[in-house]
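Residue numbers (the working numbering), protein chains in the order written: chain A, 2 to 792; chain B, 4 to 257.
Written below as structure tokens is the structure these notes are about.
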Amino acid sequence: MSLFKNLSSAKKNITYNYKRYICFLVILFLIQTLFAFVLVLYANNNANELNYLEDEYDYHLQLQNLTRDQFYYILDKSNNDMNPYFEVTRGTETQISGTSNVRYDMYIKFLDRDVDFDYNVFNSSLEKDIAELGENYQVFLSPLYDYEDDLFINTFICFLTCLFIFVCGCIIIYLLDSIMVNHYKFQYGIYMTFGANFKKLFKTAFAEMFVLSVMAFIPSQIVTNISTYAMLKGHGQPYTFNLLSVFLSLILCICVAAVPVFINIKNVSRKTPLYLISALDNTNLISSPRASADILDYTFPGKLEALSVTRFRKYGIKLIASTVSFSLLFFGCMYLGASYLKTLDYRKPEFTINFTGRKVVSEEKDKEDDSKEDDTSGDGSIYDIFENDKQKDDKDKSTVYDFTYNDEIKDYLYSFEGIEAIIKNCSTYAIDINSHVKLSKNQARLFGGETNENGERCYLNALYTVLDREVADIFDYFGYKIEGDIDKVINDSSYVAIPYGYNNADKFKLSVGDTIYIATDSKMLHSVYYVSGDYDYIMGLMLEGYEFSYAEYTVGAIIRDMPVGVEFPLYMNGEAYTRLTGNEVIYDSIDIIVNPDISNDTYDALLSDLRHAADYYSNMVIHNNNSKVLGEIEKNKNYSSVYLFVAIVLLSVSPVLWFFSQILFYLKRRPEFDMYFSFGSSKRQIRKAYIIDGIIYASVSAVVYTLMAFLLSWLLTAFLNSVFYAPGEYVRFYYSLPAIPYIIGLLVTCAAAFLSSLLPYLTYINACHPIFTGKKFEGKKDIISEGETGL
Amino acid sequence: MANYMLEANDVIRQFKQYDSVITAVDRCSLKVEDGEFVAIIGASGSGKSTLLHVLAGLDRPQGGSVYIRGQNITAMSPDELGVFRGNYLGIVFQKHNLIPQLTALENILIPTVMCDKKDHTFQEHLKKLILALKIGNRLSHLPSELSGGQQQRVAIARALINRPQVLFADEPTGNLDRKNADEVLELLLELKKMIGQTLIMVTHDMSIADKADKIYMMDNGKLFLYKDKQGYYKTSYELEMKAALESERAKPLE
Ligand SMILES: Nc1ncnc2c1ncn2[C@@H]1O[C@H](COP(=O)(O)OP(=O)(O)O)[C@@H](O)[C@H]1O
Ligand SMILES: [Mg+2]
């Protein structure tokens with residue numbers, strides 16, 4: 002009953018004083034729209050992602066303690082089956098963090114309808130297959146693994162975004178409300194004189210916010226749902242209406258309004274009524290008493306001026322804070338949006354093709370395994386099976402083993418529609434040949450690597466990779482920035498190229514021309530035993546157990562912006578590679594980058610072409626990384642448009658807020674102008690004082706904004722690199738100050754700060770003062786002049 | 004103390020201004036019985052308004068205590084005090100202090116909205132007040148559209164609408180001309196008879212003060228009894244004042 006009374010009186014109050022509430026209504030509308038936008042998008046994203054993934058696979062399998070070849074064998078078996086009842090839609094290899102072990106993920110789609118039956122058939126045949134491979138394997142199985150994994154991340158991002166909007170919203174409403182409460186202090190004083198306390202005042206103020214939020218509800222939901230609908234349809238996505246997110250956004254909006262109102266009313270109710278009724282406000286004077294005194298042809302003592310600055314600190318800080326904070330938030334959102342687009346732009350291979358046969362031969366030839374490899378027996382068995390398999394297929398052994406990636410297959414693959422680039426790969430892990438990379442103390446940063454007895458830093462996680470013209474062209478194709486001379490590395494076997502990417506940029510301090518050392522030969526001092534552990538741990542053991550000899554290499558080029566995983570590739574030409582690793586240059590795997598814009602039909606045709614090729618060259622195994630589908634899902638999450646939207650809203654809110662505050666301040670400044678005019682100062686004199694005032698505010702705001710923008714982009718870079726997209730994406734963000742958002746923010750800041758000083762004056766001159774306009778001054782009814790509030 | 008409606012002991016109120024301290028109310032004590040009419044007189048700037056604000060719970064003293072209906076209002080939390088003011092106290096300011104955005108009627112009804120009294124039967128009372136104060140035809144006007152006398156009468160109605168047990172009035176007629184002032188004061192006393200509340204009024208008009216049961220005189224922050232039922236204390240006042248002026252001022256308190 003009492004709530005109803007509060008609400009109806011709040012409604013009456015709002016309709017009577019709509020001018021006072023219009024800013025609140027606009028801002029609550031925007032906040033609610035943002036909430037609704039994020040939540041509706043979240044609900045739709047999840048639904049659409051589920052659809053996508055349900056289309057893509059029925060079961061997900063996780064295999065551990067298999068060798069790569071064993072995994073390929075399983076993949077091969079399924080992919081090359083001519084009459085399959087299931088399909089492997091995706092296969093990936095993932096480093097298990099903290100160890101050198103890998104995990105293989107396999108996604109399976111059953112082609113018949115009866116998933117359960119098929120699954121049982123599949124599982125028993127898989128068990129049979131794997132049982133032949135060895136006993137150490139582990140299988141984990143879950144339906145829709147990716148969805149659950151992504152659901153967590155989506156929820157987390159949605160939560161963070163909502164939190165961000167919540168905090169921004171609270172700050173905006175707090176600023177607005179504190180300006181308003183400050184302006185209507187007198188009313189609150191009178192209400193408290195006649196029996197109001199915190200509870201009563203809060204109920205009244207909250208009821209107003211509640212009514213405003215409800216008023217904003219329908220329009221904001223219409224705007225949100227229509228724009229989400231349009232956006233999703235534009236991407237060819239279905240749209241579903243989600244009732245929960247609609248109401249959640251209303252509740253969040255009401256909470257955003259309640260928190261600042263609570264704080265403000267709490268502050269007010271702590272004061273005595275007398276203070277509220279009679280307190281004089283310092284904000285009704287221009288910032289410099291000296292300038293004010295000048296107007297009256299009176300010299301104000303400088304010492305007192307310095308003292309009096311503190312009188313305006315609250316007003317000044319609030320003004321600068323409000324102009325700077327919104328531009329900064331705008332800037333931050335633009336930064337995040339751009340970063341998000343960058344991770345989307347990062348091109349991932351759609352397919353990886355391995356040429357397995359050759360590898361078997363080369364590894365059996367130079368059997369240099371030592372104590373550290375504990376699954377040698379497993380290796381043996383797969384090769385046996387493999388060879389049996391091949392014999393059963395009645396294929397000529399020699400063609401199988403001699404086949405590798407070459408110009409013939411390159412041209413053949415490029416003839417398929419949709420293939421944009423092929424990245425060929427010939428590399429050897431440093432750990433596999435007992436080698437590592439050694440840097441001097443001042444070439445390394447704090448983290449990563451293992452320090453040897455001379456204080457030098459050793460890295461086991463290097464991947465010696467062959468660089469030739471074709472590989473270098475791919476760098477250009479991806480647009481990596483290259484420092485130094487890549488041709489020198491291609492032509493001269495004493496040069497290497499090193500990428501600075503996500504995982505190693507903060508570990509190295511190398512520059513072009515530096516000398517680095519690579520361990521070429523090792524002599525075992527005592528045996529080294531380990532089961533698992535990360536690279537640095539193993540490196541430490543190896544430094545104790547071996548004596549190494551090193552070869553000198555010069556850094557010929559540094560490749561920036563390249564996504565780098567746990568192992569960093571160290572590029573060298575073929576000669577250097579063979580000398581270092583003892584392996585011939587054989588490209589045993591290729592990554593295929595697919596044009597992202599191809600239609601699904603083209604995509605299916607491409608996949609079937611590749612399968613035919615794999616069938617023909619029987620040692621070719623296709624992994625489908627499904628980057629296209631996954632990338633599409635990511636794109637459709639539209640986070641960058643959320644950020645963009647938030648940014649634009651924030652930027653448009655800031656003038657509203659600022660305007661609101663200025664109108665109220667103007668009302669307070671009125672007596673001041675009256676006083677100056679009554680003392681006979683001229684319009685020009687007063688204008689000059691206010692222009693100077695505005696310039697001071699604008700320059701202080703500009704400086705504060707610039708400093709904060711630098712700080713913010715630095716923090717965001719660190720945040721993005723360490724928390725947000727790590728470590729799956731391997732995209733590194735570099736510190737930068739995006740020019741356009743920065744400049745827009747700066748302009749808005751300066752304009753708001755400058756006008757906040759000038760606008761009250763202009764309004765006064767143009768609208769109110771009879772001397773200058775000739776119009777009769779019509780006193781507004783809602784203006785309280787200072788005089789009336791005194792006792 | 005239970006037999007007094009209002010009892011103040013050694014109330015001190017000081018204002019800090021830059022580095023000097025003004026003691027506006029200097030250890031004042033007074034006792035007011037239920038239904039009494041007490042006048043406080045004194046020169047301008049002697050601290051009358053400040054004392055009245057402290058007594059009415061609108062301001063907090065630095066020292067001393069104020070009991071109303073046996074309850075120590077100086078020890079109450081701001082929220083408790085708010086409710087207490089709404090239920091038992093009314094105040095008429097020197098300046099009307101009406102809310103400019105609200106009409107006369109809305110201003111009068113502020114206390115009924117702000118205070119959650121159990122029996123909300125103010126309609127009859129409102130009619131009587133409006134009739135007595137002769138503002139019936141001005142109810143939908145904004146304060147800026149009313150004359151000074153009318154504004155003050157609206158303020159009186161606002162102070163009395165909740166039937167307070169103690170009414171504080173701070174020179175309610177200070178800004179009015181003689182004729183208007185007399186009229187408003189007559190009304191105030193008539194209403195006091197009608198409602199029967201305790202009245203504490205600051206005034207500098209001796210002809211009004213004479214109608215009071217007790218007169219206190221304020222001088223430079225100090226309060227003295229000037230007249231009560233037994234008669235005037237003019238001579239003793241002068242003696243007391245002399246002694247007081249020679250005595251030490253209250254030390255600044257935190
Ligand atoms: N808010 C305040 N800040 C500083 N000094 C004040 C304040 N209010 C009153 N005073 C001082 O206290 C003294 C008493 O003021 P007041 O109670 O208004 O006197 P009266 O009502 O008797 O004319 C005066 O000297 C006045 O300057
Ligand atoms: Mg006074």
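Even glycine gets a Cβ: it sits at the ideal position worked out from N, Cα and C.
For clarity, every value in this text was computed on a predicted model and none was experimentally measured.
Alpha carbon of residue i to alpha carbon of residue j, nearest angstrom
i, j, result
"B/Ile25", "B/Leu61", "19 Å"
"A/Ile593", "A/Phe417", "11 Å"
"A/Leu244", "A/Asn46", "15 Å"
"A/Leu67", "A/Arg104", "8 Å"
"B/Thr106", "A/Lys267", "28 Å"
"B/Glu127", "A/Thr205", "26 Å"
"B/Gly274", "B/Met221", "What is shown of chain B runs 4 to 257, which leaves residue 274 of chain B out entirely."
"A/Tyr536", "A/Glu94", "18 Å"
"A/Ile173", "A/Thr34", "15 Å"
"A/Ser270", "A/Leu176", "18 Å"
"A/Ile23", "A/Leu329", "25 Å"
"A/Tyr60", "A/Tyr108", "6 Å"
"A/Leu337", "A/Leu717", "8 Å"
"B/Lys217", "B/Leu202", "11 Å"
"B/Val169", "A/Gln222", "53 Å"
Burial state of residue i (16 or more Cβ within 10 Å)
i, result
"A/Gly450", "buried"
"B/Gln233", "exposed"
"B/Met197", "exposed"
"A/Asp412", "exposed"
"A/Arg458", "buried"
"A/Arg580", "exposed"
"A/Tyr460", "buried"
"A/Met193", "buried"
"A/His527", "exposed"
"B/Lys230", "buried"
"B/Lys51", "buried"
Backbone secondary structure at residue i - three-state DSSP
i, result
"A/Tyr465", "strand"
"A/Arg446", "coil"
"A/Thr452", "strand"
"B/Leu92", "strand"
"A/Asn435", "coil"
"B/Val86", "helix"
"B/Ser32", "strand"
"A/Tyr554", "strand"
"B/Gly45", "strand"
"B/Ala172", "strand"
"B/Arg72", "coil"
"A/Met232", "helix"
"A/Asp370", "Caution applies to A/Asp370, whose pLDDT of 40 falls short of 50 and renders its modelled position unreliable; the model cannot decide the point."
"A/His61", "strand"
"B/Asn165", "coil"
Residue from the options whose Cα sits closest to the Cα of residue i
i, options, result
"A/Tyr240", "A/Ser250, A/Leu249, A/Thr205, A/Ser228", "A/Ser228"
"B/Asn165", "B/Lys98, B/Ser68, B/Leu112", "B/Leu112"
"A/Ala710", "A/Gly695, A/Tyr691, A/Thr750", "A/Thr750"
"A/Ala259", "A/Ser179, A/Ile432, A/Ile321, A/Gln188", "A/Ser179"
"A/Asn183", "A/Val262, A/Cys427, A/Ile499", "A/Val262"
"A/Ile420", "A/Tyr73, A/Asp605, A/Tyr53", "A/Asp605"
Cβ-Cβ separation, residue j to residue i (assumed contact under 8 Å), whole Å
i, j, result
"A/Tyr644", "A/Cys334", "5 Å"
"B/Asn6", "B/Gly67", "Actually they are not in contact, since the Cβ atoms of B/Asn6 and B/Gly67 sit about 20 Å apart, beyond 8 Å."
"A/Met543", "A/Val529", "6 Å"
"B/Gly93", "B/Cys118", "No, B/Gly93 and B/Cys118 are not in contact; Cβ-Cβ is about 11 Å, not under 8 Å."
"A/Thr405", "A/Asp589", "7 Å"
Cutoff 8 Å: residue i Cβ touching any chain E Cβ
i, result
"B/Pro64", "This model lacks chain E altogether, as its protein chains are A and B."
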